[in-house]
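In my numbering, the protein residues as written are 9 to 84.
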């Protein structure tokens, strides 16, 4: 099949899967930030810009750093 072996196909599917999961995380954290982050100050705008311009890395940073703090503030 075009000179591509089984391992190459497996690697292509793995990389494609990681890309899909990263995009899902990015969209989820962007929606989470837009709908649940308080509008006080510039925190919401800064987090939205971080998430948009750094794609899945920004979503991961938001998930690890800000989301637990926000949930703690809300008492959940």
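The beta carbon of each residue, even a glycine, is placed where N, CA and C say it ideally should be.
Open item on the list: Whole angstroms are fine: how far does the CA of residue 31 sit from the CA of residue 57?
Closed with: Numbered from its first residue, the chain shown carries residue 57 at position 49. Numbered from its first residue, the chain shown carries residue 31 at position 23. Cα to Cα, residue 57 sits roughly 16 Å from residue 31.
TODO: Pull up the distance between the alpha-carbon of residue 38 and that of residue 12, whole angstroms please.
DONE: Walking along the chain shown from the start, residue 38 turns up at place 30. Walking along the chain shown from the start, residue 12 turns up at place 4. Those two C-alpha atoms are separated by around 37 Å.
Open item on the list: With a threshold of 7 Å (Cβ to nearest heavy atom), would residue 81 be considered close to the ligand NAP?
Closed with: As far as ligands go, the structure on display features none, and thus does not contain the ligand NAP.
Open item on the list: Please state whether the Cβ-Cβ distance between residue 78 and residue 48 is less than 8 Å.
Closed with: Here residue 78 refers to the residue found at position 70 of the chain shown. Here residue 48 refers to the residue found at position 40 of the chain shown. 8 Å or more divides the Cβ of residue 78 from the Cβ of residue 48.
- [ ] State the Cα-Cα distance for the pair residue 51 and residue 27, rounded to the nearest angstrom.
- [x] Here residue 51 is taken as the residue at index 43 of the chain shown, counted from 1. Here residue 27 is taken as the residue at index 19 of the chain shown, counted from 1. For residue 51 and residue 27, the distance between alpha carbons rounds to 28 Å.
Open item on the list: Quick check: residue 36 and residue 63, are their CB atoms within less than 8 Å of each other?
Closed with: Along the chain shown, one-based indexing puts residue 36 at 28. Along the chain shown, one-based indexing puts residue 63 at 55. Taking 8 Å as the cut-off, the beta carbon of residue 36 is found no closer than this to the beta carbon of residue 63.
TODO: Determine the DSSP secondary structure at residue 83, reduced to helix, strand or coil.
DONE: For the purposes of this step, residue 83 is identified with residue 75 of the chain shown, where counting begins at 1. Of the three classes helix, strand and coil, the one that applies to residue 83 here is coil, per DSSP.
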